[in-house]
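Have a look at the structure below before the remarks.
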Amino acid sequence: MEDQTTNIVVATRTALDQASALAVQYGFSLLGAIILLIGGWLLAGIISRSAYRVISRIRGIDETLASFFQNVLHYSLLILVFITVLGQFGVQTASIIAALGAAGLAIGLALQGTLQNIAAGIMLLILRPFRVGEYIETANVKGYIKEIGLFATEMKTADGLYLMAPNSTLWNTPIINYSREPDRRQQLSVALADNIDINLARKTILDVLKADQRIKNTPAPKVYLDDLAVDQAVLNIEYWTVTTSWSDVRHDTVSKLKARLAESDVAIKLPTEPASQAD
Numbered sequence: 381m382e383d384q385t386t387n388i389v390v391a392t393r394t395a396l397d398q399a400s401a402l403a404v405q406y407g408f409s410l411l412g413a414i415i416l417l418i419g420g421w422l423l424a425g426i427i428s429r430s431a432y433r434v435i436s437r438i439r440g441i442d443e444t445l446a447s448f449f450q451n452v453l454h455y456s457l458l459i460l461v462f463i464t465v466l467g468q469f470g471v472q473t474a475s476i477i478a479a480l481g482a483a484g485l486a487i488g489l490a491l492q493g494t495l496q497n498i499a500a501g502i503m504l505l506i507l508r509p510f511r512v513g514e515y516i517e518t519a520n521v522k523g524y525i526k527e528i529g530l531f532a533t534e535m536k537t538a539d540g541l542y543l544m545a546p547n548s549t550l551w552n553t554p555i556i557n558y559s560r561e562p563d564r565r566q567q568l569s570v571a572l573a574d575n576i577d578i579n580l581a582r583k584t585i586l587d588v589l590k591a592d593q594r595i596k597n598t599p600a601p602k603v604y605l606d607d608l609a610v611d612q613a614v615l616n617i618e619y620w621t622v623t624t625s626w627s628d629v630r631h632d633t634v635s636k637l638k639a640r641l642a643e644s645d646v647a648i649k650l651p652t653e654p655a656s657q658a659d
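In terms of the numbering used here, the sequence shown opens at residue 381 and continues consecutively.
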């Protein structure tokens, strides 16, 4: 009986000693893991915020792109901290990294189209082929830029309609930006009736162009004969004006030319080139 009691006491003490040793061992591991989590969380925030400040100061980097890089860096650091904490408890982190890589590959394949839009959005924000407020035209869409996001670009058509274009469709196609350059050329044509004094018509047109202060003197306006049909001569008109007033100047010039040529007894037909930008 005494032997059994002694054995029980010895077994109990052994179990307590082992439990105490395990508690001390894992207690330090748990304490280290908590400290590592808190420190890693704070350090990830400090590093990501510092990176955001540095990136946002780079010329041409949009705030949306800077925030995206900040979030990517922040969560990447948190994942690294989490894997390090698991290593504190003896977990094989190599298998976790492999599993994360496989999961990332699967997610990438499933979201291939979305990732293409994100990549295109990053390139659009870096290279800036267009900015908010500018009018652009591609093979598929045209309109004013309202907002450039990572997934899609919000636009407003000349008719006032809302348009959202995936970034991949804007990145993989030629883009015409009507607002980027400060000056823009205008082209018109005047069809003169038969037996009309071409020199008189040309002088009258040049007088109208030079009288408008919105039309630039350099490059100088041009009026030239480029086509001679059987029953009429066609005078081509070229002038440069500020991009922001391009449409207004075009409309006013057509009206003034029609009135002035009529006053000069110049019989005309006045076809004009259709505007490629919304009026």
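Backbone N, C-alpha and C define an ideal beta-carbon position, used for all residues, glycine too.
As the structure is a prediction and not an experimental result, all values here were calculated from the model.
With a threshold of 16 other CB atoms inside 10 Å of the CB of residue i, please say whether the residue is buried or exposed.
| i | result |
| --- | --- |
| residue 572 | buried |
| residue 524 | buried |
| residue 415 | exposed |
| residue 520 | exposed |
| residue 450 | buried |
| residue 522 | buried |
| residue 544 | exposed |
| residue 511 | exposed |
| residue 585 | buried |
| residue 576 | buried |
| residue 630 | buried |
| residue 446 | buried |
| residue 434 | exposed |
| residue 553 | exposed |
| residue 637 | buried |
| residue 507 | exposed |
| residue 460 | exposed |
Locate the alpha helix (DSSP H) running through residue i, then write down its first and last residues.
| i | result |
| --- | --- |
| residue 579 | 578-591 |
| residue 633 | 626-643 |
Less than 6 angstroms between C-beta atoms, sequence neighbours within five positions excluded: which residues of the same chain meet that for residue i?
| i | result |
| --- | --- |
| residue 589 | 595, 601, 619 |
| residue 548 | 496, 497, 500 |
| residue 625 | 594 |
| residue 509 | 555 |
| residue 640 | 584, 588 |
| residue 534 | 526, 527, 544 |
| residue 439 | none |
Keeping to the same chain, check which residues put their C-beta closer than 8 angstroms to that of residue i; ignore five residues upstream and five downstream.
| i | result |
| --- | --- |
| residue 578 | 572, 605, 613, 615 |
| residue 429 | 450 |
| residue 561 | 623 |
| residue 722 | Only positions 381 to 659 of the chain appear in the structure, and residue 722 is not among them; the question remains open. |
| residue 431 | 449, 450, 453 |
| residue 458 | 420, 421, 424 |
| residue 531 | 494, 497, 498, 501, 546, 547 |
| residue 592 | 629, 632, 633, 636 |
Can you tell me where the beta strand (DSSP E) holding residue i begins and where it ends?
| i | result |
| --- | --- |
| residue 621 | 613-622 |
Once you ignore the five residues that flank residue i on each side, which residues in its own chain have a CB closer than 7 angstroms to its CB?
| i | result |
| --- | --- |
| residue 651 | In this predicted model, residue 651 has a pLDDT of only 49, less than 50, meaning its place in the structure is not dependable enough to derive any value. |
| residue 542 | 536 |
| residue 465 | 413, 416, 417 |
| residue 599 | 620 |
| residue 503 | 551 |
Minimum length 3: unbroken beta strand (DSSP E) runs contained in the stretch 507-567: 515-517, 522-528, 532-536, 542-546
Does the structure place the stretch 504-516 close enough to the stretch 545-558 that three or more beta carbon pairs sit under 8 angstroms? At 8 angstroms Cβ cutoff, the stretches touch.
Sufficient close CB pairs (3 or more, under 8 angstroms) joining the stretch 613-633 to the stretch 561-569: A contact exists between the stretch 613-633 and the stretch 561-569.
The stretch 637-646 in contact with the stretch 579-587 per 3-pair CB rule at 8 angstroms: yes
Could you pull out every unbroken alpha helix (DSSP H) segment of at least 4 residues lying fully inside the stretch 418-469, listed in chain order? 443-468
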